[in-house]
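Just so you know, the sequences run in chain order A and B. If you want the working numbering, it's the position in the first sequence, counting the first as 1, plus 893. If you want the working numbering, it's the position in the second sequence, counting the first as 1, plus 474. The C-beta atom is built at its ideal place from N, Cα and C for all residues, glycine as well. If you're wondering where the values come from, they're calculated on a predicted model, not measured in any experiment. Quick notes on the structure that follows.
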Amino acid sequence: MIDYWPLLGIALVVVGFALRFNPLLVVFVSAIVTGLLGGMDFLKVLGAVGKGFNDNRNVTLIYIVLPVIGLLERYGLQQQAKALILQMRRATAGRLLIVYLGFRQIFAALGLTTVAGHAQTVRPLVAPMALAAAEKEHGRLDEETVERVKAMSAATDNVGLFFGEDIFLAVSSILLIQGALAGFGIQLTPFQLSVWAIPTAICAFLIHGTRLLLFDRRLRRSK
Amino acid sequence: MITVHLLYVLAGAMFAAYAICSARDRTNRKRFGNAAFWGLLAISFWFGNLLGDSGNGVLVLALVGIAGAHLLGRGSKESTSAEEREHFSERFGNRLFLPALVIPMTAFAGTLLFSYTPLRATGLIDTKAVTLVLLGAGVILALIVCYAWLKPPLAASVVEGTRLVDSIGWAIVLPQMLASLGAVFAAAGLGTTIGALVGEIIPQGSVFLAVLLYVLGMVVFTMIMGNAFAAFPVMAAAIGVPILIHGDGGKAAVIGAVGMLSGFCGTLMTPMAANFNIVPAALLELKNQYAVIRMQIATAIPLLIANIIILYVAGFHL
């Protein structure tokens, strides 16, 4: 007999996020409830949460770049990113982001996933450049358009990363697939797997690239 | 040997500096909330391994308490004004990009240099963390360049870092919290439950429907767990291996790789993948915390359809 009660933890997360409670609180409460329903006592769940938190500190490490980015912003980095774009006559927000998408995918495919990212490149460089390109073409942007250009910059970084990194042989997701299938007696090399990441990578570039061109057109029309 | 722990010491020092800077920022009405939050993170990075599981649990409880009671705020003190920044940008020009590029260049060149030369044999850097360690080296190098060239006040990097970290706020630890939730989900046997649920509705005889169920299962489970890594072993065990590979004779490499990539389409659509979807919204100071996800849905769904076609055609008909 399968125990369905722990599924309630998932429902709590969905409801909590939908009602816009503080996400940290939602996640914490859901973890405790799921653990209790799964038959653990409170201290054991608290310990499991603490262990998970401690084991995953590396996720937060990337923010050691913040002092450098902040310091450069103090001396006009975002303004200079805009100035650079204003010199390029043919640059548009969409075209700029297509170029970034391509580079992000190629670098990720070479295993260089941390050379770019939301803290390292999107906030200080990519988003201000995309905004400058949009402003140059369409004049002063309203608040909602600014929000959309920034969000599209972040989205482009994610798409480039996700659909580039699996082409690299030694990335953790490829190793995970290999390990999981090996558990069923299916032996594959990382190379056999990463080759099959290429068709999806190409589709991702074409689909998101098309959206970026349409994004330019929509900016033009909304003016 | 340099391991990731040296970086933890560095990160701890950074958060401790933010705590002190926050405590002294009189423009922030909630300055002691911020100071406590960043101080606890400093403790986590410095002493996390000594606290034990329960100690870390209590630390998490305190972080959640501070965030849940809305005790985090932001200072209003602008470091330099917009006009000053325009002026600086004209004065320093494109050279301003150089320190920013020092970080990725150090990580890039350093990783290549270390991994493909005899340096690797010296064991100077833990091979599991080469790029991260070199990223840290890049940060220190970039700071040195900035101080030597721009000559900011000594505390400027901490003040500016605090400005940015305050704009991210509690969201900075959400990815870690979600990873803990994933661990609890796994410990409570959620993977087996979902695998069994999916297993009960497997259609007989239709390869295409089985492919569809496998891919959509990856997407939904990824959206719940916040990453495809937790979903893959479950879906492989429930459908991928028994039905698609053994039952219908599909190509294992395609089913493995494209299955995982279908999960990534789910990652684009869920707030549970906070480090990709929620933290950037805070970092870019967006009003809607779901703005990034909204932008991604129209890429994720067509790409998912492409994945279904790739998996079906390349897995069974090539």
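Let me know the secondary structure DSSP gives residue i once reduced to three states.
| i | result |
| --- | --- |
| Ile-599 of chain B | strand |
| Ile-999 of chain A | helix |
| Ile-782 of chain B | helix |
| Thr-985 of chain A | coil |
| Glu-1037 of chain A | helix |
| Ser-553 of chain B | coil |
| Met-746 of chain B | coil |
| Tyr-897 of chain A | coil |
| Thr-667 of chain B | helix |
| Ile-1079 of chain A | coil |
| Thr-1007 of chain A | coil |
| Ser-1046 of chain A | helix |
| Tyr-968 of chain A | coil |
| Val-1064 of chain A | coil |
| Leu-777 of chain B | helix |
| Tyr-764 of chain B | coil |
| Trp-520 of chain B | helix |
| Lys-793 of chain B | Coverage of chain B is limited to positions 475 through 792, which leaves residue 793 of chain B absent and any answer about it impossible. |
| Lys-975 of chain A | helix |
| Glu-564 of chain B | helix |
| Gly-673 of chain B | helix |
| Met-1022 of chain A | helix |
Output yes if chain B places a C-beta closer than 9 angstroms to the C-beta of residue i; else output no.
| i | result |
| --- | --- |
| Glu-1040 of chain A | yes |
| Leu-1113 of chain A | The amino acid at residue 1113 of chain A is misidentified as Leu; the sequence shows Arg. Output row for Arg-1113 of chain A: interface = no. |
| Gly-987 of chain A | no |
| Gln-998 of chain A | no |
| Tyr-993 of chain A | no |
| Val-908 of chain A | no |
| Leu-1106 of chain A | no |
| Arg-1033 of chain A | no |
| Leu-912 of chain A | no |
| Phe-1109 of chain A | With the sequence shown as reference, residue 1109 of chain A is identified as Asp, and Phe is not the correct amino acid for it. Not closer than 9 angstroms to any Cβ of chain B, the Cβ of Asp-1109 of chain A fails to qualify, so no. |
| Met-1022 of chain A | no |
| Arg-983 of chain A | no |
| Leu-1043 of chain A | Going by the sequence as given, residue 1043 of chain A is Lys instead of Leu. Chain B, which has a Cβ nearer than 9 angstroms to the Cβ of Lys-1043 of chain A, makes this yes. |
| Phe-854 of chain A | Only positions 894 to 1116 of chain A appear in the structure, and residue 854 of chain A is not among them; the question remains open. |
| Lys-1029 of chain A | no |
| Ala-1009 of chain A | yes |
| Asp-1050 of chain A | yes |
| Ile-978 of chain A | no |
By DSSP's criteria, residue i is part of a beta bridge. Which residues make up the other side?
| i | result |
| --- | --- |
| Ile-1070 of chain A | According to DSSP, which records beta bridges pairwise, Ile-1070 of chain A is partnered with nothing at all. |
| Ile-476 of chain B | B:Ile-599 |
Could one say the Cβ of residue i lies closer than 9 angstroms to chain A's Cβ atoms, at least one of them?
| i | result |
| --- | --- |
| Arg-548 of chain B | no |
| His-544 of chain B | yes |
| Arg-594 of chain B | no |
| Thr-696 of chain B | no |
| Ile-577 of chain B | yes |
| Phe-706 of chain B | yes |
| Met-692 of chain B | no |
| Lys-686 of chain B | The residue asked about is misnamed: residue 686 of chain B is Leu in this sequence, not Lys. False, the Cβ-Cβ gap to chain A never drops below 9 angstroms. |
| Phe-703 of chain B | yes |
| Val-689 of chain B | no |
Check this for me: beta carbons of residue i and residue j, under 9 angstroms apart or not?
| i | j | result |
| --- | --- | --- |
| Glu-1040 of chain A | Ala-765 of chain B | yes |
| Arg-967 of chain A | Ala-630 of chain B | yes |
| Val-958 of chain A | Ile-577 of chain B | yes |
| Gly-663 of chain B | Ala-702 of chain B | no |
| Thr-580 of chain B | Leu-608 of chain B | yes |
| Ala-1020 of chain A | Thr-985 of chain A | no |
| Ile-782 of chain B | Val-658 of chain B | no |
| Gly-486 of chain B | Leu-964 of chain A | no |
| Val-632 of chain B | Cys-495 of chain B | yes |
| Asn-949 of chain A | Trp-644 of chain B | no |
| Thr-741 of chain B | Phe-910 of chain A | no |
| Gly-733 of chain B | Met-699 of chain B | no |
| Pro-745 of chain B | Gln-763 of chain B | yes |
| Ala-541 of chain B | Phe-521 of chain B | no |
| Gly-638 of chain B | Leu-480 of chain B | Here residue 638 of chain B is Leu; the residue named in the question, Gly, does not match the sequence. No, Cβ-Cβ distance for Leu-638 of chain B and Leu-480 of chain B is not below 9 angstroms. |
What residues in the segment 552 to 563 of chain B bring their beta carbon closer than 9 angstroms to a beta carbon of chain A?
Ser-553, Thr-554, Ala-556, Glu-558, Arg-559, Glu-560, His-561, Phe-562, Ser-563
Which residues, in chain order, does the segment 501 to 530 of chain B contribute to contact with chain A at a C-beta distance below 9 angstroms?
Leu-515, Ser-518, Phe-519, Gly-522, Asn-523, Leu-525, Gly-526, Asp-527, Ser-528, Gly-529, Asn-530
Can you pull out the residues from the segment 609 to 628 of chain B whose beta carbon lies closer than 7 angstroms to at least one beta carbon of chain A?
Leu-609, Gly-610, Val-613, Ala-616, Leu-617, Cys-620, Leu-624, Pro-626
Any C-beta of chain A within less than 8 angstroms: which residues of the segment 477 to 503 of chain B qualify?
Residues Val-478, Leu-481, Tyr-482, Leu-484, Ala-485, Met-488.
Near-chain A residues of the segment 734 to 750 of chain B (beta-carbon distance less than 8 angstroms), N- to C-terminal order:
Met-734, Leu-735, Phe-738, Thr-741, Leu-742, Pro-745, Met-746, Ala-748, Asn-749, Phe-750
Check distances from the C-beta atoms of the segment 947 to 969 of chain A to those of chain B and list, in chain order, the residues that come in under 9 angstroms.
Here the close residues are Asn-947, Asp-948, Asn-949, Arg-950, Asn-951, Val-952, Thr-953, Leu-954, Ile-955, Tyr-956, Ile-957, Val-958, Leu-959, Pro-960, Val-961, Ile-962, Gly-963, Leu-964, Leu-965, Glu-966, Arg-967, Tyr-968, Gly-969.
Residues of the segment 1083 to 1106 of chain A with Cβ closer than 8 angstroms to any Cβ of chain D, in chain order:
Of the chains in the structure shown, none is chain D; the protein chains are A and B.
Chain A contacts from the segment 646 to 659 of chain B (Cβ-Cβ distance under 9 angstroms):
Ile-646, Val-647, Leu-648, Pro-649, Gln-650, Met-651, Leu-652, Ala-653, Ser-654, Leu-655, Gly-656, Ala-657, Val-658, Phe-659
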